Amino acid sequence: MITFDWHAAAGLMHNQDGDAYPAIAQLRSLDEGEFMARVRRQSYSGYELVAAFRDGKIIGVLGMRPVHTLARGAHLHVDDLVVDAAVRGSGAGRALMEYAESDARARGMTAVFLDARPDAVAFYEREHYLLHPAPSMKKVLAS
């Protein structure tokens with residue numbers, strides 16, 4: 042049975058962030074030290090990690106942050122969503138996204154934005170997310 046840690050409204054405590062690493066490692070190519078450093082840095086601007094559990098073990102992790110831009114106003118941005126490959130399709134991803142949406146509503150926000158990997162688009166579409174017409178662009182800057 043999947044349980045969702047609604048108590049984690051403030052995210053995982055910083056001393057628990059390392060517990061999320063095995064799940065995040067399935068999504069991001071970071072060693073654990075760099076993962077912990079990035080979570081700490083991002084937390085200064087409101088980034089939080091929230092987890093879904095099965096039998097007390099983390100099976101899914103969502104990283105989110107509040108954002109306010111001229112173009113979009115106040116919204117929640119989901120930076121990371123991963124469910125352990127062994128339990129994908131169990132409802133953990135849906136539960137984590139429902140948590141993010143509930144959190145956004147509680148903050149008075151009217152939208153959730155995210156960047157999706159091509160293989161995850163179908164999941165988000167099932168959750169009623171739409172492809173945004175504005176393409177995401179990037180330029181890698183030389184050192």
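Position 34, counted from 1, in the sequence shown is what my numbering calls 75; the numbers after and before it change by one each time, with no gaps.
By construction, the Cβ of each residue, glycine as well, lies at the ideal position given by its N, Cα and C atoms.
Quick caveat, the model's predicted, so the values are computed rather than measured.
In this structure, L103 and L137 form a Cβ contact; the two beta carbons are roughly 4 Å apart against a cut-off of 8 Å. Counting the other Cβ atoms within 10 Å of the Cβ of Y88 gives 16 or more, which makes it buried. A buried status is given to A64, since no fewer than 16 other beta-carbon atoms sit within 10 Å of its beta-carbon. The criterion of a C-beta distance shorter than 9 Å is satisfied by A133 and A93. At a Cβ-Cβ threshold of 9 Å, D121 and R69 count as neighbours. Restricted to the segment 142 to 174, the beta strand (DSSP E) segments that are unbroken, complete and at least 3 residues in length are 153 to 155, listed in chain order. Between A157 and Q67, the CB-CB gap reaches or exceeds 9 Å.
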